[in-house]
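See structure below.
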Amino acid sequence: MKRLGQVLIFLLLSLSSLSYLVSFSKSEQVNASFTALQWPDIAFQAIATGLNNPLGITDPGDGSGRLFITEQNGRILIYDGTKILPAPFLNISSIVSCCGERGLLGLAFHPEYSTKGFFYVNYTNTSGNTVIARYSVSNNPNVADPSSARRLLTFTQPASNHNGGHLAFGPDGYLYIASGDGGG
Numbered sequence: 002m003k004r005l006g007q008v009l010i011f012l013l014l015s016l017s018s019l020s021y022l023v024s025f026s027k028s029e030q031v032n033a034s035f036t037a038l039q040w041p042d043i044a045f046q047a048i049a050t051g052l053n054n055p056l057g058i059t060d061p062g063d064g065s066g067r068l069f070i071t072e073q074n075g076r077i078l079i080y081d082g083t084k085i086l087p088a089p090f091l092n093i094s095s096i097v098s099c100c101g102e103r104g105l106l107g108l109a110f111h112p113e114y115s116t117k118g119f120f121y122v123n124y125t126n127t128s129g130n131t132v133i134a135r136y137s138v139s140n141n142p143n144v145a146d147p148s149s150a151r152r153l154l155t156f157t158q159p160a161s162n163h164n165g166g167h168l169a170f171g172p173d174g175y176l177y178i179a180s181g182d183g184g185g
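Each residue of the sequence shown is one higher than the last, beginning at 2 in my numbering.
Laid out in structure tokens, this is it:
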């Protein structure tokens with residue numbers, strides 16, 4: 002019954018829109034001096050191959066020009082402007098439950114990443130819980146220190162879907178977490 006109501010509302014709105022367009026076409030002629038907008042030419046070019054379920058691309062905000070690519074399986078890779086670096090920035094695949102709507106789901110760099118070296122991840126652990134953790138970069142700017150992990154928050158998810166996972170710093174400097182409703 003709900004579906005029938007949705008279909009009827011859609012049809013009613015469609016007919017209303019159509020009658021408006023027909024009445025508009027019978028009204029005044031369009032000014033001949035009107036210039037149509039031209040869309041710019043857009044071309045897509047692959048810049049990387051061999052990625053495994055990439056979910057996001059994040060700029061660390063450090064002026065390096067690097068982009069950090071999160072893969073759902075638990076790896077963070079670096080694109081240096083010409084190629085994907087061979088070694089991952091961070092690989093936490095051994096503690097990440099992957100796939101479906103689980104995995105490494107979010108990455109955010111501290112607003113002062115260039116001086117503090119902190120970054121934050123949102124992932125589903127092997128028990129199915131959501132974990133928010135902070136890591137630090139090592140002395141090599143292209144490699145994180147896996148032993149620097151500090152779990153900030155862990156919470157259960159009632160199901161394996163709707164886990165959410167986006168992380169972002171707001172203009173107030175606080176870290177915001179999109180967690181989803183946990184499914185179920």
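Where a beta carbon is used, it is the ideal one built from N, C-alpha and C, also for glycine.
As the structure is a computational prediction, the values presented were derived from the model and not from experiment.
Rounded to whole angstroms, the separation of the alpha carbons of S137 and A150 is 8 Å. With respect to the C-alpha of G75, the residue from D173, L176, T127 having the closest C-alpha is T127.
Setting aside the 5 residues that flank it on each side, Y124 is surrounded in the same chain by V97, L105, V132, each with a C-beta closer than 6 Å to its C-beta; the list follows chain order. Three or more beta-carbon pairs separated by less than 8 Å link the stretch 54–73 to the stretch 105–114, which places the two stretches in contact. Three or more Cβ pairs drawn from the stretch 73–93 and the stretch 36–54 lie within less than 8 Å of each other, which places the two stretches in contact. In the structure shown, S95 adopts helical secondary structure according to DSSP, grouped into three states. When DSSP states are grouped into helix, strand and coil, Y175 belongs to the coil group.
Contact annotation, G129 with N162: C-beta distance approximately 11 Å; criterion of less than 8 Å not satisfied.
In the DSSP assignment, S149 falls within the beta strand (DSSP E) that extends over 145–156. A distance below 8 Å between beta-carbons, with the five flanking residues on each side excluded, links S65 to the following residues of its chain, in chain order: P142. In terms of Cα proximity to F170, the closest of S148, F120, N164, S139 is F120. For D182, same chain residues with a beta-carbon under 6 Å away, outside a window of 5 residues either side, are H163 in chain order.
In the DSSP assignment, T116 falls within the alpha helix (DSSP H) that extends over 114–117. Secondary structure note for F45: it is in no beta strand (DSSP E), with a DSSP letter that is neither H nor E.
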